[in-house]
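Structure first, commentary second.
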Amino acid sequence: RKSGRLDSYLDRMREISGRYASGRQPVSPLMRGTLQTSQTQDFSVGLQTGRCYTVVGVGDPSVTDLDLFLFDQNGTQVAQDQATDNFPTVQVCPNVPGNFRVQVKMYSGYGSFGLQVFGN
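Count the sequence shown with my numbering and you get residues 33 to 152, in order.
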């Protein structure tokens, strides 16, 4: 049942974003994907200057280590979360507005993940 999986994502996203993006509101839809070990998937998010953002990822229980990398328009990495867990978070306060690339990497494990951007 897809709806059950979506519900668990939303519950997990609420839990993690409440912990790491407290006081910030969602500024993107919940983006989802499925990866195997060592695979990556990129998402584009529009960010403004004068605001700070928290990007939150959540993985299925089969995901043992999910990493996030954030790149600006020039391809320069501006943030990363390489902790060994399945709920990576990165924070950024851009000094140039535009589309940023969020790269999700399945460092260890496999399965589905969700990603959402929260802003102040």
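The beta-carbon is built from N, C-alpha and C at its ideal position, and this holds for glycine as well. Values in this document were obtained by computation on a predicted structure and should not be read as measured data.
Query raised in the report: If you draw a straight line from the alpha carbon of D117 to that of G141, how long is it in whole angstroms?
Result: Reading the sequence shown from its first residue, position 85 is the one you call residue 117. Reading the sequence shown from its first residue, position 109 is the one you call residue 141. So the two alpha carbons sit approximately 10 Å from each other.
Query raised in the report: What beta strand (DSSP E) runs, 3 residues minimum, are completely inside the region 53 to 131?
Result: 63 to 67, 72 to 79, 85 to 91, 95 to 103, 109 to 113 and 121 to 124
Query raised in the report: What did DSSP end up calling Y142 once you bin it into helix, strand or coil?
Result: Residue mapping note: residue 142 aligns to position 110 of the sequence shown, counting from 1. It is coil, neither helix nor strand.
Query raised in the report: Given Q57, which residues of its chain have a CB within under 7 Å of its CB, disregarding the five upstream and five downstream residues?
Result: Residue mapping note: residue 57 aligns to position 25 of the sequence shown, counting from 1. Correct list, in chain order: F150 and G151.
Report task. Check whether the region 52 to 68 touches the region 100 to 108, counting contact only when three or more Cβ pairs, one atom from each stretch, lie closer than 8 Å. Result -> no
Query raised in the report: Going by the beta-carbon positions, is the gap between S60 and Q123 smaller than 7 Å?
Result: For the purposes of this step, residue 60 is identified with residue 28 of the sequence shown, where counting begins at 1. For the purposes of this step, residue 123 is identified with residue 91 of the sequence shown, where counting begins at 1. Result no, Cβ atoms of S60 and Q123 do not sit closer than 7 Å.
Query - Short CB-CB distance (under 7 Å) between Q112 and chain C - result: Here there is only one protein chain, and chain C is not present.
Query raised in the report: In the DSSP assignment, what residue or residues form a beta bridge with R133?
Result: Here residue 133 refers to the residue found at position 101 of the sequence shown. R133 is bridged to S76 and F103.
Requested in this report: For R133, I'd like the list of residues in its chain whose CB is within less than 7 Å of its CB, leaving aside the five on either flank, ordered along the chain.
Outcome: Stepping through the sequence shown from its first residue, residue 133 is reached at position 101. Around R133: D74, S76 and F103.
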